[in-house]
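Below you'll find the structure, written out as structure tokens, and then a few comments.
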Amino acid sequence: MAGRYRRVTAALLAAVLAASTVACGSSTAGGGGNSTASVADSPRKAENKLVLIAADDPGTMDYVTSNLTALALWIPGNVVEPLLHLDAKGKPGPGVAEKWDVDKNQTKYTFHLRKASFSDGAPITADDVVYSLTTMKDSPVGLNKGPYAAVQKITATDPSTVEVTLSRPSVAFVEGMAGIAGSIQPKAAAKSIASKPIGSGPYVIKEYTPNNHIVFTANPKYWGQKAAIGEIEVRFVNDATAALNALKAGEADAYPFVGQELWERMTKEGLDKAMTLQTYPQGGSLFFLNFNSTKAPYNNADFRHALVKSVDRQQFVDLFNAPWGIVPTCDLVGPDAASTKDCVDTFDLAGAKSALQASGLASSPVEFTSVTDIGNLVGPADLAVADFQATGVKVDRTQLDLARYSQVVFSGTPPQYGVTVMTTEYNLTQMASCPDPAKVGWKTYCDKDITKLLADADAAGTQQERDQLFAKAQRKLQQDAVIVPLMASKGVGLLNKQLQGWKNPTVNIAIDLAGLHW
Amino acid sequence: MTRFLLRRCGFFVAGWIFASILIFALIRLAGGDVAVVVLGKDATPDALAALRTQFGLDRPLPVQYFSWVLDFLRGDLGSTFRTGDAVAPQLVDRLAISLPLAVGGMVIAILIAIPLGTYAARYAGSKAGTFLALLSQVGVAIPVFWAGVLLSLLFGVTLGWLPTGGWVPWSQNPVGAIRSLILPCLALGVIEAAGLSRYVRSAVMDVLTEDYVRTARAGGMSRTGSLLKVGLPNAALPLINVLGVQVASLIGGAVIVEQVFSLPGLSTMIVSAVSAREVIVVQSVVMVLVTFVMVVNLAVDLMIGLLDPRVRVAR
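Taken in sequence, the protein lines are chains F and D. Each residue of the first sequence is one higher than the last, beginning at 754 in my numbering. Each residue of the second sequence is one higher than the last, beginning at 70 in my numbering.
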């Protein structure tokens, strides 16, 4: 009797395994009707529609008071436009402002608005621009507020002219006007910003259903070249397997922002061949270690340097198995400028051990706090912990979900974490400038010299001068080893091969939908 | 009967109050701060404090609890912190997905489990009966997410018959909505059926040894006839009880199925609200679900009490 049960159980298990192998196998080998190898013809092409996949639903469309990447990907540049646009070389050009003048001191900018309207039909007025810029200046989000550090006054001089007065010249201000911080919205429709922001961009939000999708339609009132694709649906698919399955089955035409944690899998499943693999530096992020320098033993620079020496940056890059998308760096820069040539601390395990002994803090445990529900941060946190442990130091790891992590790391005064790994945009000023030590916040890094270097760079007359000051600031950042860059990644997207017209974003982070066409 | 009714209703009210306190406390014990989630890592302490005040999160906990419970009882489920949208209409929208999913899953589970369990009981010890018993055992061991992934790969990616995930609203395309629900209902129903069929098998095997079945057979009924006409109705009583419990299990399974198939139902709403620490959304939606499960169980209790006088008099 027992033997018969065993045989039947074995047969059942074999059947289940065979079924799963058939299902999984066909998905990777491309044997079935809609498998990987045949991701080609989109049924949406004939209807001039497009379905995109996104991993995260932002939960709100309010780009003024929220800095979620999931939001920044879609709204700026597509629905709301900034005052200026970045050209292909990253230089500001006309946007909502058709042209602008700067006085000889570079402290007074006069923006001449184009004769255009918002998608709701209301004309763009100087009052709307003043309202939008003032709202951003008062935004609780650092990235939005940052470019306004030197702004003294924003006034409308006539219905189509806005004057901005600065206390000193500021490159960050001009760059900000070509970013989310310079986004223009109609004052009259500001109340609907959380669920249906209005702007003057090439697309309009037709529908936003939380946890399901955003549907964009081409803005018929757009002042520039009209969007080629009439309707774009961004479908939120939180589960990675479901996202890749939707691409393989041809239910979606693109996955424009594939998280680093999926790169190896998408390559293994052949999607990088079956679809167009698009990389773009603007959409990437910088991975870095952050020490809480207000707390012992992390307030000891020798201890920090010893731990940084134990970190093998190349190993971090190898984790994602995609050298085309990510490179090691010890400077807080994008992937195109990233390098490890002149790092202050390079990987040297023996050196790390002896430096740790020399610091007299080898027996101090390291409190490592990491986040569990952001896929691309799990692997790097595991590696950092292993690297630290290799020096013989004891590591106490706390793993938290994003909300709890945010509370522990970002809102404590002083912050309660020890060491953590996270990602950020390539914005050295945002990360390291600290004009007011009382408001240093979670980064805990407040260095007078670096703050001055960054302020000087912001006011620099030439690009060369600015680059030199930035280089000095980067060096100081490395010497202090509180914010420790590890690797810089590009944005990576998968597109249906028939989908054309991909352009690098004209607004940082955002994905430019208007250029896409079948 | 009145005493029985009052006792059950008393349990219901006490259970409801206990559940509301538990839900309120648990989401707060999880820590986290919606203000930080919304404003991100560069928010100033002043901005965070202002947002907490705006959301009413700086009020004493008892004040927050009573304010929420009283609003809930008045039918006001509150609004989300991030968009300010009312929770109730969102809940209704989500129910249009979750309800058919749960009902569909339950119907599939019942349609599979009752014949399968009855057959396994009727032919217990035979090859077929043993096979079915083992099949249900394997089914119980399969996680619902795995079943979902396999179904999606097979019917969505390989065969291309049904969508791998996503949701087409009823108002847009009812056929599309049904197509979106077939695989999730199957995943949920098949796994639920495995567990349920074991209960059916056990309940039917129990009644098969009862005197009334033997009497029916002695009266000339066939084994199958006595099983269907006399056995099954008597086995229904414990099964109704089990079905009440299965409703809660079904909701648990729906949380996973909605994630696997990217369905924007109630479970997805709860999961994303928990991640963002939208405490009002979590409390209100979970409380609605808890109330629903409690009402189902109360109805089951009352029905059993009505059908079986022994339950009514039992203390």
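Using N, Cα and C, we set each Cβ at its ideal position, and we do this for glycine too. Remember, predicted model here, so these are calculated numbers, not experimental data.
Who are residue i's beta bridge partners in DSSP?
{"i": "R1150 (chain F)", "result": "F:F1121"}
{"i": "I806 (chain F)", "result": "F:R988"}
{"i": "I1079 (chain F)", "result": "F:S1242"}
{"i": "I967 (chain F)", "result": "F:Y961 and F:V987"}
{"i": "M743 (chain F)", "result": "This structure leaves residue 743 (chain F) out entirely; chain F is present only between 754 and 1271."}
{"i": "G812 (chain F)", "result": "Partner(s): none; G812 (chain F) has no beta bridge."}
{"i": "Y829 (chain F)", "result": "With the sequence shown as reference, residue 829 (chain F) is identified as Pro, and Tyr is not the correct amino acid for it. Beta-bridge pairing links P829 (chain F) to F:V833."}
{"i": "D911 (chain F)", "result": "F:T914"}
{"i": "D854 (chain F)", "result": "F:T863"}
{"i": "K949 (chain F)", "result": "For K949 (chain F), which the question treats as bridged, DSSP gives no partner whatsoever."}
{"i": "H1058 (chain F)", "result": "Beta-bridge pairing links H1058 (chain F) to no other residue."}
{"i": "T1032 (chain F)", "result": "F:V1245"}
{"i": "Q1253 (chain F)", "result": "F:H1270"}
Report the neighbours of residue i on chain D: residues whose CB is nearer than 9 Å to its CB, in chain order.
{"i": "E1004 (chain F)", "result": "G225, P232, T233, G234 and G235"}
{"i": "T887 (chain F)", "result": "In chain order: nothing, as chain D lies at least about 16 Å away."}
So residue i contacts chain D; which residues on that side make the cut at Cβ distance below 8 Å?
{"i": "V1193 (chain F)", "result": "The premise fails here: V1193 (chain F) is roughly 11 Å from chain D at the closest Cβ pair, so nothing lies under 8 Å."}
{"i": "R988 (chain F)", "result": "G235 and S331"}
{"i": "K1205 (chain F)", "result": "Going along chain D, no residue has its Cβ under 8 Å from K1205 (chain F), so there is no contact; the nearest lies around 21 Å."}
Closer than 7 Å by C-beta to residue i: which residues in its own chain qualify, once you throw out the five before and the five after it? Chain order, please.
{"i": "V927 (chain F)", "result": "P845"}
{"i": "F1163 (chain F)", "result": "W1195"}
{"i": "P169 (chain D)", "result": "L250"}
{"i": "L1230 (chain F)", "result": "L1085, A1185, I1203 and I1236"}
{"i": "A256 (chain D)", "result": "V213, A216, G217, L220 and V326"}
{"i": "V775 (chain F)", "result": "Bear in mind that the predicted position of V775 (chain F) carries a pLDDT of just 45, short of 50, making it unreliable; the figure below should be weighed with that in mind. Answer for V775 (chain F): no residue qualifies."}
{"i": "A1005 (chain F)", "result": "V804, L805, I806, R988 and A999"}
{"i": "C254 (chain D)", "result": "L170, G173, G174 and I177"}
{"i": "T910 (chain F)", "result": "E916"}
{"i": "A202 (chain D)", "result": "A189 and R270"}
Alpha carbons only, please: which of the options is nearest the one belonging to residue i?
{"i": "A925 (chain F)", "options": "F:S870, F:K959 and F:G1214", "result": "F:G1214"}
{"i": "M363 (chain D)", "options": "D:L312, D:S205 and D:V106", "result": "D:L312"}
{"i": "A1105 (chain F)", "options": "F:A1007, F:F1141 and F:G1171", "result": "F:F1141"}
{"i": "A246 (chain D)", "options": "D:S331, D:V351 and D:L376", "result": "D:S331"}
{"i": "L1060 (chain F)", "options": "F:S1117, F:T1032 and F:N991", "result": "F:S1117"}
{"i": "A1090 (chain F)", "options": "F:L1136, F:T970 and F:L1039", "result": "F:L1039"}
{"i": "E1272 (chain F)", "options": "F:A995, F:L997 and F:Y956", "result": "Nothing can be reported for residue 1272 (chain F): it is not among the residues displayed for chain F, which extend from 754 to 1271."}
{"i": "G144 (chain D)", "options": "D:L371, D:S353 and D:L375", "result": "D:S353"}
{"i": "R270 (chain D)", "options": "D:R248, D:S205 and D:V244", "result": "D:S205"}
{"i": "I90 (chain D)", "options": "D:P114, D:L223, D:Y134 and D:F81", "result": "D:Y134"}
{"i": "I982 (chain F)", "options": "F:Y1198, F:K1225 and F:V804", "result": "F:V804"}
{"i": "P1258 (chain F)", "options": "F:G899, F:L839, F:A1226 and F:G895", "result": "F:L839"}
{"i": "L130 (chain D)", "options": "D:A118, D:L98, D:V105 and D:G109", "result": "D:L98"}
{"i": "L1109 (chain F)", "options": "F:P1050, F:C1096, F:R1157 and F:Q1152", "result": "F:P1050"}
{"i": "T278 (chain D)", "options": "D:R191, D:D115 and D:M372", "result": "D:R191"}
{"i": "A88 (chain D)", "options": "D:G208, D:L201 and D:V138", "result": "D:V138"}
{"i": "K802 (chain F)", "options": "F:A1007, F:V1193 and F:Q1217", "result": "F:A1007"}
Could you list which residues in chain F have their beta carbon closer than 7 Å to that of residue i, in chain order?
{"i": "T337 (chain D)", "result": "N964"}
{"i": "R346 (chain D)", "result": "A1156"}
{"i": "D140 (chain D)", "result": "Simply none; closest approach about 21 Å."}
Excluding sequence positions up to five away, which residues of its chain have a Cβ less than 6 Å from the Cβ of residue i?
{"i": "G1128 (chain F)", "result": "G1012 and E1014"}
{"i": "R286 (chain D)", "result": "S295"}
{"i": "V350 (chain D)", "result": "T149, V156 and A342"}
{"i": "P829 (chain F)", "result": "I933, S936, V1260 and A1263"}
{"i": "R267 (chain D)", "result": "S205"}
{"i": "A1267 (chain F)", "result": "P955 and A980"}
{"i": "P333 (chain D)", "result": "W236"}
{"i": "L1207 (chain F)", "result": "T1182, S1186 and A1226"}
List, in chain order, every chain F residue whose beta-carbon is nearer than 8 Å to that of residue i.
{"i": "V106 (chain D)", "result": "L1155, A1156 and S1159"}
{"i": "R151 (chain D)", "result": "G812, T813, D815, S819 and A947"}
{"i": "D127 (chain D)", "result": "Within chain F, no residue comes near D127 (chain D); the closest Cβ sits about 13 Å away, beyond 8 Å."}
Leaving aside the five residues before and after residue i along the sequence, list all residues of the same chain whose C-beta is less than 8 Å from its C-beta, in chain order.
{"i": "D140 (chain D)", "result": "L146 and G147"}
For residue i, which residues in chain F fall below 9 Å Cβ to Cβ?
{"i": "F330 (chain D)", "result": "D992 and A995"}
{"i": "S341 (chain D)", "result": "D810, G812, P963, N964 and N991"}
{"i": "L117 (chain D)", "result": "P893, F1163 and S1164"}
If the cut is a Cβ gap below 7 Å, which residues of chain D does residue i touch?
{"i": "D1140 (chain F)", "result": "Residues of chain D passing the Cβ test: none, with the nearest at roughly 24 Å."}
Is residue i near the ligand ATP, in the sense that its beta carbon is under 7 Å from a heavy atom of that ligand?
{"i": "S195 (chain D)", "result": "The ligand ATP is absent from the structure shown, which contains no ligand whatsoever."}
Does the count of Cβ pairs from the stretch 149-164 of chain D and the stretch 185-205 of chain D closer than 8 Å reach three? no
Could you say if the stretch 1172-1182 of chain F and the stretch 1130-1141 of chain F meet the contact criterion of at least three C-beta pairs nearer than 8 Å? yes
Assess contact between the stretch 962-979 of chain F and the stretch 1243-1253 of chain F, defined as three or more Cβ pairs (one per stretch) separated by less than 8 Å. Is contact present? no
Inter-stretch contact at 8 Å, needing at least 3 Cβ pairs: the stretch 76-83 of chain D / the stretch 355-374 of chain D: yes
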